[in-house]
Amino acid sequence: MIATTQLSNELQKLHDDVWQLTKYEANSRTRHWEYPWVMYQVKTYLKENKIKSFNKLSIIDMGGANSCLQFYYAKKGVDYTNVDLSENIFDISLAKKMDVNINYIVSPFEKVKVDKLFDLVMCVSTMEHTKKENHKKILEKIAQVLKSSGRAIFTLDWFFDYKIGESCLWGHNPNCKKLIDTARSLGLRLIVGDKKYLSGYKEFIEKDIKKDAFVLKVCNKGVWLTSLAIVLEKK
90 MIATTQLSNE
100 LQKLHDDVWQ
110 LTKYEANSRT
120 RHWEYPWVMY
130 QVKTYLKENK
140 IKSFNKLSII
150 DMGGANSCLQ
160 FYYAKKGVDY
170 TNVDLSENIF
180 DISLAKKMDV
190 NINYIVSPFE
200 KVKVDKLFDL
210 VMCVSTMEHT
220 KKENHKKILE
230 KIAQVLKSSG
240 RAIFTLDWFF
250 DYKIGESCLW
260 GHNPNCKKLI
270 DTARSLGLRL
280 IVGDKKYLSG
290 YKEFIEKDIK
300 KDAFVLKVCN
310 KGVWLTSLAI
320 VLEKK
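Next comes the structure, spelled out in structure tokens:
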């Protein structure tokens with residue numbers, strides 16, 4: 090689960106930055122809790138790997154579209170690559186206005202061609218919009234483009250009262266256990282993620298999660314959702 094008591098103080102420290110980011114994505118309220126969690130994981134990676142400068146960091150974003158994270162990190166000097174399905178998804182003018190360099194690639198992520206390895210893969214609320222039969226290929230590509238000890242940071246929407254694999258207007262409910270098991274077979278190990286908050290595990294009980302108002306948000310049309318989250322590391 091994204092918002093845990095252990096992280097709450099750290100997330101609060103990032104509130105101002107997140108507010109500046111989410112003003113560009115006001116229609117996506119999940120970003121208000123997803124972004125600080127992702128930013129915390131990036132900060133943790135930098136600290137644990139003793140990387141002292143953002144310009145020493147490289148990130149590839151799966152389905153980043155016009156996500157504000159790309160502008161935030163590119164502004165700090167991160168080598169940022171954004172991969173999405175159509176050039177119509179990108180608003181390149183925003184990068185120009187913000188005077189940042191972002192490498193845009195139009196491609197399905199599982200077919201993307203890059204000539205270097207990356208420290209981090211971002212996957213913020215993307216997997217639930219991809220075809221389930223493509224998940225293994227996507228994870229294979231993630232393992233391929235990551236440096237040794239590089240990490241993949243995932244957030245995944247979970248729609249209450251829908252079963253695993255069932256779809257609504259905003260995507261389908263993911264099977265986190267299946268994703269993690271597949272990732273493990275490809276040399277990616279789970280380093281962040283509690284089975285209690287990960288779909289597919291017997292410990293995952295939806296009604297218990299729904300009581301956790303700290304992370305629960307309501308979406309329009311009466312669909313309630315939260316975000317599940319995992320971090321994978323390349324061995």
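Using our numbering, the first residue of the sequence shown is number 90, and each one after it goes up by one.
Every residue, glycine too, gets a C-beta built ideally from N, C-alpha and C.
On a predicted model such as this, the values are computed, not experimentally measured, just so you know.
Same chain only: Cβ atoms within 8 angstroms of residue i, ignoring 5 sequence neighbours per side
i: Tyr162; result: Val131, Phe143, Leu146, Ile148, Tyr169
i: Leu287; result: Cys265, Lys266, Ile269, Phe293, Leu317, Ile319
i: Ala302; result: Only weak support exists for where Ala302 lies, its pLDDT of 45 falling under 50; the coordinates are left without a value.
Contact set for residue i: own chain, Cβ-Cβ below 7 angstroms, skip 5 residues either direction
i: Met151; result: Val172, Phe198, Val210, Met211, Cys212, Thr215
i: Lys225; result: Thr271
i: Lys164; result: Met187, Val189
Assigned exposure category for residue i - 16 Cβ within 10 Å defines buried
i: Glu176; result: exposed
i: Asp246; result: buried
i: Asn190; result: exposed
i: Leu314; result: buried
i: Ser344; result: Because the chain here runs from 90 to 324, residue 344 falls outside it and cannot be looked at.
i: Arg120; result: buried
i: Ser156; result: buried
i: Glu222; result: exposed
CB-CB length for residue i against residue j, believed under 8 angstroms
i: Arg240; j: Leu321; result: 7 angstroms
i: Gly276; j: Ala232; result: 6 angstroms
i: Val127; j: Thr219; result: With 8 angstroms as the limit, Val127 and Thr219 do not qualify as a contact, their Cβ atoms being about 18 angstroms apart.
i: Ile319; j: Leu279; result: 6 angstroms
i: Lys299; j: Phe249; result: 6 angstroms
Limits of the unbroken alpha helix (DSSP H) element including residue i
i: Thr219; result: From DSSP, Thr219 is part of no alpha helix (DSSP H); its letter is neither H nor E.
i: Leu158; result: 157-164
6 angstroms CB neighbourhood of residue i in its chain, flanking five on each side removed
i: Lys266; result: Gly289, Tyr290
i: Tyr193; result: Asn171, Phe179
i: Gly166; result: Phe143, Asn144
i: Gly311; result: none
Boundaries of the beta strand (DSSP E) in which residue i is found, first to last residue
i: Phe249; result: Premise fails: Phe249 is in no beta strand (DSSP E) and is neither H nor E.
i: Phe207; result: 207-213
i: Ala318; result: 313-323
i: Met151; result: 147-151
i: Thr170; result: 168-173
i: Leu277; result: 277-281
Query - contact_flag[the segment 194-206, the segment 282-302] where n(CB pairs < 8 angstroms) is 3 or more - result: These segments do not touch.
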